[in-house]
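Number of protein chains: 2
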Amino acid sequence: MNQAKAAAGHLALDAEALYGQLLQGVRQLLRPGTQLAGIASGGAWLAERLQRDLQLAGSAGVLSSAMHRDDFAQRGLAASAQTQLPFDVNGADILVLDDVLYTGRTIRAVLNELFDYGRPACVRLAVLVDRGGRELPVAADFAAARVVLPATQQLALARTDAGRFHFDVKEV
Amino acid sequence: MNQAKAAAGHLALDAEALYGQLLQGVRQLLRPGTQLAGIASGGAWLAERLQRDLQLAGSAGVLSSAMHRDDFAQRGLAASAQTQLPFDVNGADILVLDDVLYTGRTIRAVLNELFDYGRPACVRLAVLVDRGGRELPVAADFAAARVVLPATQQLALARTDAGRFHFDVKEV
């Protein structure tokens, strides 16, 4: 059994295979001037690798949801990445990447984070896994997989030192 | 030719017929305790009539997008309705109504307006017409119709003194 299958148990979510599908999906979504920005940490890893594999100029942005989360009081800023956007957000066509789309609350937070930097012309969303369970009217423009997971399972992308992806599943 | 057809020209969007479909769709989305809140002005009219037709207790909320719009500097507060939420937003299951879903920017604005009042458990969205043209990753849980319109056409719900709905189409 490979690492991805071991991590995700009976679900057998193969993160490397799904990344291959995400790469194809994102290629279809690209328009001239589209900028990638990944949500830390999983989405940022995806955006960084996509930027390289798609041979896009410059580097991908990193988005932190920490400042705008509706549970900020509980979580605080500890150990969270800072937003870094190496392009002008005003008028930009931005493709946001994330590993897992779930309630939609993180997406609301990063949209507000983006709008702190400017007024984008268009923001789209591509994810590795859409696990349903939406609590806000948010949708991905592309999802490499759609799965249903028990609410007790927390799913997140992990990365080996060699840069290979696998899923980390925790019971919460 | 009836008023709705005259207003929407060759599209023949019959607002009263679509309202009937919205009523059925919203009935399916209702859960015990669901609160309706309509975006001013068209969505607020829809929510008010749905509240009555579905014989829900209390009254529907009204949401103004004015305070959180990303073009606030251009539009200002003139002639816009105030938000009125006759229920506790904290932990609420809220169904937001709007007449037309287009770029998604209004939805982002009213989500932020809602979160100024509390942290809802769930926010869903039902609209009369989804006209495509999204600029943010927002989706409706129910749309009575999906149409494609030229960007030069502005579509909005109108209401006669007798309370009947029709669409108002402007060239902009």
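In order, the protein sequences belong to chains A and B. Numbering (our numbering) for the first sequence: 1 to 172. Numbering (our numbering) for the second sequence: 1001 to 1172. Think of the CB as a built atom: it goes at the ideal place given N, C-alpha and C, for glycine as much as any other residue.
Q) Does DSSP classify residue 158 of chain A as helix, strand or coil? A) Reading the first sequence from its first residue, position 158 is the one you call residue 158 of chain A. Of the three classes helix, strand and coil, the one that applies to residue 158 of chain A here is strand, per DSSP.
Q: Return the chain-ordered list of same chain residues with a C-beta closer than 6 Å to the C-beta of residue 174 of chain A, the five sequence neighbours on each side being excluded.
A: An answer regarding residue 174 of chain A cannot be provided, because it is not within the stretch 1 to 172 covered by chain A.
Q) Listed in chain order, which residues of the segment 101 to 119 of chain A have Cβ atoms closer than 8 Å to some Cβ of chain B? A) Of all residues in the segment 101 to 119 of chain A, only 107, 108, 111, 112, 115 and 119 place a beta-carbon less than 8 Å from a beta-carbon of chain B.
**Q.** Where residue 26 of chain A meets chain B, residues with beta-carbon distance less than 8 Å
**A.** In the first sequence, the residue the question calls residue 26 of chain A occupies position 26. Counting only Cβ-Cβ distances below 8 Å, residue 26 of chain A has no contacts in chain B at all, with the closest Cβ about 14 Å away.
Q. Beta-carbon of residue 1003 of chain B versus every beta-carbon of chain A: anything under 8 Å?
A. The residue you call residue 1003 of chain B lines up with position 3 of the second sequence. Confidence in residue 1003 of chain B is poor, its pLDDT being 45 and thus under 50, which makes the residue's placement unreliable; the coordinate value appears in the next sentence. Residue 1003 of chain B does not count as touching chain A.
**Q.** Contacts that residue 32 of chain A makes with chain B (C-beta to C-beta distance below 7 Å)
**A.** One-based indexing of the first sequence puts residue 32 of chain A at position 32. Here the premise fails: no neighbours, minimum Cβ distance about 17 Å.
(Q) Checking the sheet assignment: what are the DSSP bridge partners for residue 38 of chain A? (A) Position 38 of the first sequence, counted from the first residue, corresponds to residue 38 of chain A. Paired residue(s): A/62 and A/97.
Q: State the DSSP-derived secondary structure class of residue 53 of chain A, mapped to helix, strand or coil.
A: As a position in the first sequence, residue 53 of chain A is number 53, starting the count at 1. Residue 53 of chain A falls in the helix class under three-state DSSP.
Q: Name, going along the chain, the residues of the segment 1116 to 1146 of chain B whose beta-carbon falls closer than 9 Å to a beta-carbon of chain A.
A: Cβ proximity to chain A below 9 Å picks out 1119, 1120, 1121, 1122, 1123, 1124, 1125, 1134, 1135, 1136, 1137, 1138, 1139, 1140 and 1141 from the segment 1116 to 1146 of chain B.
Q: Using the DSSP secondary-structure output, state which residues sit across from residue 147 of chain A in a beta bridge.
A: Here residue 147 of chain A refers to the residue found at position 147 of the first sequence. Paired residues: none, contrary to the question.
Q | Distance CB(residue 138 of chain A)-CB(residue 164 of chain A) smaller than 8 Å | A | Sequence index remark: in the first sequence, residue 138 of chain A carries index 138 (1-based). Sequence index remark: in the first sequence, residue 164 of chain A carries index 164 (1-based). The answer is no: Cβ separation not under 8 Å.
Q. With DSSP run on the structure shown, which of helix, strand or coil describes residue 85 of chain A?
A. In the first sequence, residue 85 of chain A corresponds to position 85, counting from 1. Residue 85 of chain A carries a coil assignment under DSSP once its states are collapsed to helix, strand and coil.
(Q) Within 10 Å of its beta-carbon, does residue 172 of chain A have 16 or more other beta-carbons around it, so buried, or fewer, so exposed? (A) Here residue 172 of chain A refers to the residue found at position 172 when the first sequence is read from its first residue. Exposed, by the Cβ-count rule.
Q) At a CB-CB cut-off below 8 Å, which residues of chain A make contact with residue 1070 of chain B? A) Locating residue 1070 of chain B in the second sequence gives position 70, counting from the first residue. Contact annotation for residue 1070 of chain B against chain A: 115 and 119 [CB-CB distance below 8 Å, chain order].
Q.
How far does the beta strand (DSSP E) with residue 169 of chain A in it extend, from its first residue to its last?
A. As a position in the first sequence, residue 169 of chain A is number 169, starting the count at 1. In the DSSP assignment, residue 169 of chain A falls within the unbroken beta strand (DSSP E) covering 165 to 171.
(Q) I believe residue 83 of chain A touches residue 56 of chain A by the beta-carbon criterion, under 8 Å. Please report the beta-carbon distance rounded to the nearest angstrom. (A) The residue given as residue 83 of chain A occupies position 83 in the first sequence. The residue given as residue 56 of chain A occupies position 56 in the first sequence. About 19 Å; that fails the 8 Å criterion.
(Q) Less than 8 Å between C-beta atoms, sequence neighbours within five positions excluded: which residues of the same chain meet that for residue 27 of chain A? (A) On the first sequence, residue 27 of chain A is found 27 positions in, with the first residue counted as 1. Result list for residue 27 of chain A: 54, in chain order.
Q | Option nearest residue 1122 of chain B by Cα separation, candidates B/1024, B/1167 and B/1095 | A | On the second sequence, residue 1122 of chain B is found 122 positions in, with the first residue counted as 1. The shortest C-alpha separation from residue 1122 of chain B is found at B/1095.
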